[in-house]
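The structure appears right after this line, and notes come after that.
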Amino acid sequence: MTWTKLSDNFTDRPEVLGLSDSAFRLLVESLVWCNRLLTDGAVSAASLTSISRRGRMKVADELVAAGLWDEDEDGWTVVDFHEDQPTREQVQARRAANNARVSRWREVMAAHTSGDHSGCTSSCRARNAVGNGVRNAVGNAYPDPSRPVPSRKGSGTGSSDEAALPDGGGIGADDDEMGGCEDPVCDGYGWHNLDNGKATRCPRWTGQQ
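Taking my numbering, the leading residue of the sequence shown gets 194, the next gets one more, and so forth.
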C-alpha cells in the first residue's frame with residue numbers, strides 16, 4: 194500500500210487557496226489515485242470521472258488555470274508531483290526490498306524453530322548457547338549414588354554365623370601349622386568334632402598348646 198503525502202502548508206499555498214471546493218477535492222483525489230496506480234502523476238481523460246465524482250472538464254480546466262495540472266494529449270499531469278510523492282520506481286524498489294526481507298525472516302524463523310540459529314541475531318544465539326549448556330549439564334550430570342544393599346546374614350568375614358579362624362588357620366594350612374595333630378576327631382583346621390555335636394579347639398593348634 195502506498196501513501197499520499199501532503200505538507201502541513203498544503204492548504205496555504207496561493208494556488209490552492211483560490212480553488213473551489215470541487216477543484217480542491219479533485220486535486221487531492223487525483224494525488225491519491227496517481228499514488229495508488231503508480232502513474233507518476235499522469236491523469237488520463239478517460240479516468241477523470243472515476244477519480245472523483247466532481248471530475249468534470251470545467252473543474253479540470255480550473256486546476257490547469259491555477260497551475261496545478263498540465264494538460265497533454267492523453268489528459269493531464271499533476272505539476273511537481275514528485276516533490277512530495279514517490280516515483281513508480283521508488284515504490285517498486287521498496288516493495289521488492291520488503292518482500293525479500295519478509296522472505297528472509299520466514300526462512301530464519303523456520304530454521305530457528307528447527308534448532309538452527311545461524312541466521313539469528315547475536316543475542317538469540319547467546320541465549321540459546323546458555324540454554325543448551327544448562328540442558329547439557331543437567332542431562333550429563335552423574336546420577337545420585339544408589340543406596341548400599343546390605344549383605345545377607347552370615348556372608349562376609351567376621352559374621353556371627355561363622356567362627357573366625359586365627360591367622361594362618363584357614364583352609365590350606367599344612368600339618369606343621371596344625372601342630373601335627375593325629376587325633377581322629379581333629380578336622381585338620383584347628384577343631385575337634387565331639388560326639389555331642391560340639392567342637393573344641395585342637396590343643397595342638399599352633400599357638401594353642
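All C-beta atoms in this analysis are idealised placements derived from N, C-alpha and C, irrespective of residue type, glycine included. Keep in mind that this is a model prediction, so the values were computed, not measured.
Residue i by DSSP, collapsed to three states: which one?
| i | result |
| --- | --- |
| Asp267 | coil |
| Cys317 | helix |
| Ser348 | The predicted position of Ser348 is uncertain, since its pLDDT is 47 and thus under 50; a value taken from the coordinates is nonetheless stated next. Three-state DSSP puts Ser348 in coil, outside helix and strand. |
| Asn291 | helix |
| Trp262 | strand |
| Trp196 | coil |
| Arg299 | helix |
| Thr280 | coil |
| His310 | coil |
| Ser245 | coil |
| Asp254 | helix |
Could you compute how far the alpha carbon of residue i sits from the alpha carbon of residue j?
| i | j | result |
| --- | --- | --- |
| Ser315 | Lys198 | 38 angstroms |
| Ser215 | Thr204 | 14 angstroms |
| Lys391 | His385 | 8 angstroms |
| Glu416 | Glu264 | Residue numbering for the chain in the displayed model covers 194 to 402; residue 416 lies beyond these limits and cannot be assessed. |
| Cys227 | Asn292 | 23 angstroms |
| Ser422 | Arg299 | The structure shown does not extend to residue 422, since the chain is modelled only from 194 to 402, so the question has no answer here. |
| Ser320 | Cys313 | Reading off the sequence, residue 320 comes out as Arg, not Ser. Computed Cα separation, rounded: 11 angstroms. |
| Trp262 | Gly211 | 15 angstroms |
| Arg206 | Ala289 | 35 angstroms |
| Val301 | Val225 | 36 angstroms |
| Thr280 | Ile244 | 19 angstroms |
| Gly361 | Asp388 | At Gly361, the pLDDT of 43 sits below 50, so the modelled position is not reliable and the matter cannot be decided from this model. |
| Val236 | Ser223 | 7 angstroms |
Do residue j and residue i count as a contact pair if the criterion is CB distance below 9 angstroms?
| i | j | result |
| --- | --- | --- |
| Ala238 | Gly260 | no |
| Ala253 | Leu241 | yes |
| Leu231 | Val284 | yes |
| Val376 | Arg394 | Note on identity: in this sequence residue 376 is Asp, with Val being the wrong assignment. No; because the gap between Cβ atoms is not below 9 angstroms, this pair is not in contact. |
| Arg229 | Thr195 | yes |
| Glu255 | Ser296 | no |
| Ser311 | Ala304 | yes |
Just reading off the beta strand (DSSP E) that residue i is part of, what are its end residues?
| i | result |
| --- | --- |
| Ala392 | Ala392 to Arg394 |
Bridge partners for residue i per DSSP, in chain order?
| i | result |
| --- | --- |
| Ser237 | Gly268 |
| Trp384 | Arg394 |
| Cys379 | His385 |
At what residues does the alpha helix (DSSP H) containing residue i begin and finish?
| i | result |
| --- | --- |
| Leu210 | Pro207 to Leu210 |
| Leu230 | Asp214 to Leu230 |
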